[in-house]
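Worksheet: the structure to be examined is printed underneath.
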Amino acid sequence: MAERNYNTTTKTPYPRVVSINIHYPANGIPEVSYVEQMAIVDASGAVHHLADCATTHPLDLLTILQPVQAVDPSTGADIPGMTFTSDAVMVGLLAFLRADQKRRDAL
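Encoded structure:
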């Protein structure tokens, strides 16, 4: 497999995650998948998706037990000293969702 380009600054196609789907059933075991589509950034910095190249990939959070390295979303470079666990990501995401629910309830 050829090395993938994750650097958005090179003006060459790179795989861009365009959506994350989380099904969070009553048993509390989330099912996660993401849709990846090839994209390119033009000279003005605008992102353009390439047609007919989206793929969906499952992400099994229960098997990701070790922390993963944080990366710069623009370059794909590691962010030294910053890691995340799947539990921390889900807890953080659910905190944002609950905060939004509270905000809407207060309207």
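Take -10 as the starting number for the sequence shown in my numbering and just add one per residue. Glycine included, every Cβ here is placed at the ideal spot set by N, Cα and C.
- In the DSSP assignment, S8 falls within the unbroken beta strand (DSSP E) covering Y3 to H12.
- Pairing E20 with H46 gives a Cβ-Cβ distance that is not under 8 Å.
- DSSP places Q55 in the coil class of the three-state scheme, outside both helix and strand.
- A distance below 8 Å separates the beta carbons of A28 and V36.
- Look at L48 here: in three-state DSSP terms it is strand.
- L50 is not a Cβ neighbour of M71, given a cutoff of 8 Å.
- Assignment of beta-bridge partners to T72 by DSSP yields Q58.
- Remark: C-beta atoms of D61 and I68 approach each other more closely than 8 Å.
- Excluding five sequence positions before and after L48, the CB atoms of its chain that fall closer than 8 Å to its own CB belong to V21, S22 and Y23, given in chain order.
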